[in-house]
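2 protein chains.
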Amino acid sequence: MGRVSTRTGRPPRLSRDQIVAAARELVAAHGVEALTMRRLATELGATPMALYRHVRDREELLLLLLDDVAATMLRPDLPDDPRERMVVTAVAMHDTLARVPWIVEVLTGDEFLARSALWYAETIVDAAMACGGTEADAVYAYRSIWYYTAGELIIRATARRPADGRTTFREKVFADLDAEELPRLAALGERYPGLAALDTYECGLRALVAGLFPTS
Amino acid sequence: MGRVSTRTGRPPRLSRDQIVAAARELVAAHGVEALTMRRLATELGATPMALYRHVRDREELLLLLLDDVAATMLRPDLPDDPRERMVVTAVAMHDTLARVPWIVEVLTGDEFLARSALWYAETIVDAAMACGGTEADAVYAYRSIWYYTAGELIIRATARRPADGRTTFREKVFADLDAEELPRLAALGERYPGLAALDTYECGLRALVAGLFPTS
DNA sequence: ACCTGAACACCGTTCAAGT
DNA sequence: ACCTGAACACCGTTCAAGT
Chain Z
50 MGRVSTRTGR PPRLSRDQIV AAARELVAAH GVEALTMRRL ATELGATPMA LYRHVRDREE
110 LLLLLLDDVA ATMLRPDLPD DPRERMVVTA VAMHDTLARV PWIVEVLTGD EFLARSALWY
170 AETIVDAAMA CGGTEADAVY AYRSIWYYTA GELIIRATAR RPADGRTTFR EKVFADLDAE
230 ELPRLAALGE RYPGLAALDT YECGLRALVA GLFPTS
Chain P
50 MGRVSTRTGR PPRLSRDQIV AAARELVAAH GVEALTMRRL ATELGATPMA LYRHVRDREE
110 LLLLLLDDVA ATMLRPDLPD DPRERMVVTA VAMHDTLARV PWIVEVLTGD EFLARSALWY
170 AETIVDAAMA CGGTEADAVY AYRSIWYYTA GELIIRATAR RPADGRTTFR EKVFADLDAE
230 ELPRLAALGE RYPGLAALDT YECGLRALVA GLFPTS
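The listed protein sequences derive, respectively, from chains Z and P.
Just so you know, we're using this note's numbering here: the first sequence kicks off at 50 and counts up by one.
Just so you know, we're using this note's numbering here: the second sequence kicks off at 50 and counts up by one.
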């Protein structure tokens, strides 16, 4: 007994939780690009290498931050209608992820499914089968919804960064369009950015679900 | 006259085209992560800084590479039926981009629309209006299709990189699922990866288009 | 005008040494 | 056991100088 007394060596000054907490703050304050091992170490008053005692590498640190998302995951009340259940679940999944500013960095790759989204996947797959789909249909439906959702999140997240005057670039393109070659876009002209800025995630989602599982 | 004779200074050894060509080769051979200013310079037998005479920065270099994609853009024959036209156009857009291995790097942000995808946008917007949609409906339809397409491209592109034994991670998660909490996924078990690997892009796209513009 | 060389301000990570 | 310090092998980019 007394496993405590058998501990040997220098007592730890840093902990994994402490590191993750500092990483969270850093990302919240300055964006994911500010999360470097060196900067995080400085923030903790330690050497960069001290972090490697507690975390395998930068990749693992990001995945640990993703676990926070799982903790604050929205789990909506589920309606009886299976199509509506798919919509409500996908919207919750979308909204959960939309709150993560560094989502793009981590969405590339299907780690999300593995770490936090299992409940969403389960619920959508179940609803798809309740619509009369086979297992294969249900997985395909979930993936379609996931593609649509991931695309929306990524495009919107990156569109928000103006990247130093590059927003004008798109507007410029729309301003001097060849009306003969591209009549529809030319007619839209300056109204395009406004229309593109509308939040139509749920509308499109409903269309997708309706198309995947037509009613009668 | 003789503007040529009035030229002054050292004759150029590098050209913009030459730099872009070397960048293209580098990316094709070793992936976009190998495209660094220093490595590209070495490849050209020059100093890193020589490149900055011809290219503003690394970002611009990537956008110049994107112009290549526009040049090899697939423009399919368009069927009369507007819904089918949307599907055929989106599939062409998808296939064009699927050939670009570094697509993820550049898809984040709507530069693609601005640089190369105008024809696709025009065609889809036009088809959407031929289905009886307003301009706003048409832009919303295009964006929904674009979200779905971008998501598919990004998820599939990143799923292909195993990232050193992280593929086993997802399989492991699926292996020891809690069958009480997640019965559908647990029942799927090992069959999930196989089902997720199926190419259902066009199927999902057809569902989306059918949902966006229901026939009568 | 075009290119070089040295320098600045960074990265992630390994390895040997200290406490 | 935990942390430090120095080092390795990189980045993109600026600036002053050479031809």
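Glycine residues also receive a C-beta, built at the ideal position from the N, C-alpha and C atoms.
Own chain residues within Cβ distance below 7 Å of residue i, not counting five before or after
i                : result
Ala72 (chain P)  : Leu84, Leu89, Leu110, Leu114
Tyr250 (chain Z) : His143, Glu201
Ala187 (chain P) : Val174, Ala177, Met178
Gly58 (chain P)  : none
Gly214 (chain Z) : Note that Gly214 (chain Z) scores a pLDDT of 49, beneath 50, so its modelled location is shaky; the value from the coordinates is reported in the next line. Correct list: empty, nothing qualifies.
CB contact below 9 Å: residue i versus chain P
i                : result
Thr178 (chain Z) : Here residue 178 (chain Z) turns out to be Met, not Thr, going by the sequence shown. So, interface residue.
Leu234 (chain Z) : yes
Trp168 (chain Z) : yes
Pro263 (chain Z) : yes
Pro81 (chain Z)  : Looking at the sequence provided, one finds Val at residue 81 (chain Z) rather than Pro. No, because no Cβ of chain P sits closer than 9 Å to the Cβ of Val81 (chain Z).
Leu63 (chain Z)  : no
Leu114 (chain Z) : no
Ala119 (chain Z) : no
Leu123 (chain Z) : no
Ala141 (chain Z) : no
Gly182 (chain Z) : no
Tyr101 (chain Z) : no
Gly260 (chain Z) : yes
Val137 (chain Z) : no
Val76 (chain Z)  : no
Val188 (chain Z) : yes
Ala224 (chain Z) : no
Spatial neighbours of residue i in its chain, beta-carbon cut-off 8 Å, leaving aside the 5 residues before and after
i                : result
Ala256 (chain Z) : none
Arg132 (chain Z) : Ala176, Cys180, Val258, Ala259, Phe262, Thr264
Tyr241 (chain P) : Phe223, Leu234
Inter-residue CB distance, residue i and residue j (contact presumed, cutoff 8 Å)
i                : j                : result
Tyr196 (chain P) : Tyr197 (chain Z) : 5 Å
Val118 (chain Z) : Arg233 (chain P) : That pair is no contact at about 22 Å.
Leu156 (chain P) : Ile203 (chain P) : 6 Å
Val137 (chain Z) : Pro128 (chain Z) : 6 Å
Met185 (chain Z) : Leu100 (chain P) : Here residue 185 (chain Z) is Ala; the residue named in the question, Met, does not match the sequence. With a Cβ gap of about 50 Å, Ala185 (chain Z) and Leu100 (chain P) do not count as contacting.
Arg134 (chain Z) : Thr172 (chain Z) : 7 Å
Within-9 Å CB hit, residue i to chain Z
i                : result
Arg255 (chain P) : yes
Trp195 (chain P) : yes
Arg240 (chain P) : yes
Glu133 (chain P) : no
Val104 (chain P) : no
Thr198 (chain P) : yes
Arg107 (chain P) : no
Ile68 (chain P)  : no
Asp175 (chain P) : yes
Thr249 (chain P) : yes
Glu201 (chain P) : yes
Rounded straight-line distance, which links the Cα of residue j to that of residue i
i                : j                : result
Thr207 (chain Z) : Gly94 (chain P)  : 35 Å
Pro61 (chain P)  : Gln67 (chain P)  : 11 Å
Cys252 (chain P) : Glu239 (chain Z) : 34 Å
Leu112 (chain P) : Ser64 (chain P)  : 17 Å
Glu230 (chain Z) : Arg192 (chain P) : 21 Å
Ile152 (chain Z) : Leu75 (chain Z)  : 15 Å
Gly80 (chain P)  : Thr91 (chain Z)  : 33 Å
Arg22 (chain Z)  : Arg102 (chain P) : Not covered by the structure: residue 22 (chain Z). The range shown for chain Z is 50 to 265.
Arg124 (chain P) : Glu108 (chain P) : 27 Å
Pro150 (chain P) : Ala77 (chain P)  : 8 Å
Ala170 (chain P) : Leu247 (chain Z) : 17 Å
Asp116 (chain Z) : Met122 (chain Z) : 10 Å
Glu154 (chain Z) : Thr145 (chain Z) : 16 Å
Ala212 (chain Z) : Leu254 (chain Z) : Confidence in Ala212 (chain Z) is poor, its pLDDT being 49 and thus under 50, which makes the residue's placement too unreliable to answer from.
Val222 (chain Z) : Leu237 (chain Z) : 12 Å
Val104 (chain P) : Asp126 (chain Z) : 54 Å
Val69 (chain Z)  : Leu167 (chain P) : 43 Å
Asp106 (chain P) : Glu82 (chain P)  : 15 Å
Ala120 (chain P) : Asp130 (chain P) : 27 Å
Cutoff 6 Å; reference residue i; Cβ partners in own chain excluding five residues on either side
i                : result
Ala235 (chain P) : Leu226, Ala228
Ala199 (chain P) : Leu156
Pro97 (chain P)  : Met86, Arg87, Ala90
Gly182 (chain P) : none
Proximity test, residue i beta-carbon vs the ligand NAP heavy atom, cut-off 8 Å
i                : result
Leu202 (chain P) : In terms of ligand content, the structure shown is empty, and the ligand NAP therefore cannot be addressed.
Whole runs of the alpha helix (DSSP H) within the stretch 104-170 of chain Z, excluding any shorter than 4 residues: 107-120, 131-147, 152-156, 160-164
4-residue-minimum alpha helix (DSSP H) runs that sit fully inside the stretch 227-262 of chain Z, ordered along the chain: 232-237, 240-245, 250-261
If we require 4 or more residues per run, which alpha helix (DSSP H) segments fall completely within the stretch 55-88 of chain P? 65-79
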